[in-house]
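K.L.:
Structure below; questions to follow.
Printed below as a string of structure tokens:
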């Protein structure tokens, strides 16, 4: 499937690069519908890789790259089923999203996240699967999960710790504050800063350089400098699932759902 256009995302090959476009309003919340389409994308990757030398992930939402997990969907599902069944559903979702994230992380080609605006929670975690993050000047990065009584669950902590210092991870996780693009570049998270509205153009230009390199060499280099922390990723799922059964999570999700602001995920 070389091209696809779904409710939450689409993909195509542009000038030899695979472009995965997040397109679910209001801000690319990742729920079951998005997960199912991401699984379709992963299934299509062997065919896409035959015609593409790089992957660029970007968003068409004005609000940003992605606000993260669909917390309203998570809350309503937890209200409709028994506690044990809700916990099983969460574990199944996490195992499926980790499979998607790990596959993107390990792709035998250079991967680029072209981000702008809100890049929070699960959206931040998706960006962290990529080899390179290019951001425009509006980008903000945040792990707000502790306000819900949770930790990031899509692989964010092990991947961020892989890419930057542990002190930075503690800062983002334990304070819940957001980093702007200048701070993100300072700590080594963002490699390039683009002018507002120019991030996809810059990412495409960067991806075009990848066509010059031998794929076997690229894969060998990635495996050497970007190991996937599988053991820590499994541990993260266990911690998240254990926390999910705690009363603080139900209360945190309720407050989020009852927030009538236009962007309740903002700090």
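Residue numbers (the numbering used here): 4 to 270. For glycine and all other residues, C-beta sits at the position ideal for the given N, C-alpha and C. Predicted, not measured: the structure shown is a model, and the values here were computed from it.
(1) Closest to residue 31 by C-alpha separation, out of 121, 207, 170, 251, would be which residue?
(2) Work out the CA separation of residue 126 and residue 253 for me, nearest whole Å.
(3) Please classify residue 101: is it buried, with 16 or more other beta-carbons within 10 angstroms of its beta-carbon, or exposed?
(4) Count the other CB atoms within 10 Å of the CB of residue 227; is the residue buried (16 or more) or exposed (fewer)?
(5) Let me make sure I understand the geometry here. Which of 183, 97, 34 has the alpha-carbon closest to that of residue 138?
(6) Starting from residue 53 and walking both ways along the beta strand (DSSP E), at which residues does that stretch end?
(7) According to DSSP, is residue 143 helix, strand or coil?
(8) Please check the pair residue 112 and residue 57, which I expect to be a contact at CB under 8 Å, by giving their CB distance rounded to whole angstroms.
(9) How is residue 24 classed by DSSP in three states: helix, strand or coil?
(10) Does the region 239-249 touch the region 143-157, meaning 3 or more C-beta pairs lie closer than 8 Å?
(11) On the criterion of 16 or more Cβ atoms from any shown chain inside 10 Å, does residue 168 qualify as buried, or is it exposed?
(12) If you reduce the DSSP assignment to three classes, tell me which class residue 117 lands in.
(13) Between which two residues does the alpha helix (DSSP H) holding residue 107 run?
(14) So, with DSSP's three-state summary, where would you put residue 183?
(15) Rounded to whole angstroms, what's the CA-CA distance from residue 221 to residue 69? Just pull it up for me.
(16) Grouping DSSP H, G and I as helix and E and B as strand, with all else coil, what is residue 237?
(17) Assign residue 4 to one of two classes, buried (16 or more other C-beta atoms within 10 Å of its C-beta) or exposed (fewer than that).
(18) Buried or exposed, going by whether 16 or more other CB atoms sit within 10 Å of the CB of residue 230?
(19) With residue 197 as the anchor, note down where its beta strand (DSSP E) starts and where it stops.
(20) Am I right that residue 12 and residue 26 are in contact with their C-beta atoms under 8 Å? What's the rounded C-beta distance?
(21) When the distance is taken between beta carbons, is residue 135 closer than 9 Å to residue 194?
(22) Can at least three beta-carbon pairs, one atom from the region 200-209 and one from the region 165-179, be found at a separation below 8 Å?
(23) Closer than 6 Å by C-beta to residue 142: which residues in its own chain qualify, once you throw out the five before and the five after it? Chain order, please.
(24) Would you check if the distance between the CB atom of residue 133 and the CB atom of residue 60 is smaller than 9 Å?
P.N.:
Taking the coordinates as given:
(1) Ranking 121, 207, 170, 251 by CA distance to the CA of residue 31 puts 121 first.
(2) For residue 253 and residue 126, the distance between alpha carbons rounds to 22 Å.
(3) The residue is buried, with at least 16 neighbouring Cβ atoms inside 10 Å.
(4) Exposed, by the Cβ-count rule.
(5) Looking at the Cα atoms, 183 is the closest of the given residues.
(6) Looking at the DSSP string, residue 53 is not in any beta strand (DSSP E); the run it does join, the alpha helix (DSSP H), is 35-54.
(7) The answer is strand: DSSP assigns residue 143 an E or B state.
(8) 5 Å between Cβ atoms; contact.
(9) Of the three classes helix, strand and coil, the one that applies to residue 24 here is strand, per DSSP.
(10) The answer is yes - the region 239-249 touches the region 143-157, with three or more Cβ pairs under 8 Å.
(11) Counting of Cβ neighbours within 10 angstroms places residue 168 among the exposed residues, the total staying below 16.
(12) DSSP places residue 117 in strand when its eight states are reduced to three.
(13) Here the alpha helix (DSSP H) through residue 107 covers 86-108.
(14) In the three-state DSSP reduction, residue 183 falls in the strand class (E or B).
(15) Answer to the nearest angstrom: the Cα atoms are 28 Å apart.
(16) If DSSP states are grouped into helix, strand and coil, residue 237 belongs with the helices.
(17) So residue 4 counts as exposed.
(18) That one is exposed.
(19) Where residue 197 is concerned, the enclosing beta strand (DSSP E) stretches over 195-197.
(20) Correct: roughly 6 Å between the Cβ atoms.
(21) Taking 9 Å as the Cβ cut-off, residue 194 and residue 135 qualify as a contacting pair.
(22) The region 200-209 and the region 165-179 do not touch, with fewer than 3 CB-CB distances between them shorter than 8 Å.
(23) So the list reads 118, 119, 122, 184, once near-sequence residues are dropped.
(24) Yes, these two residues count as a Cβ contact at 9 Å.
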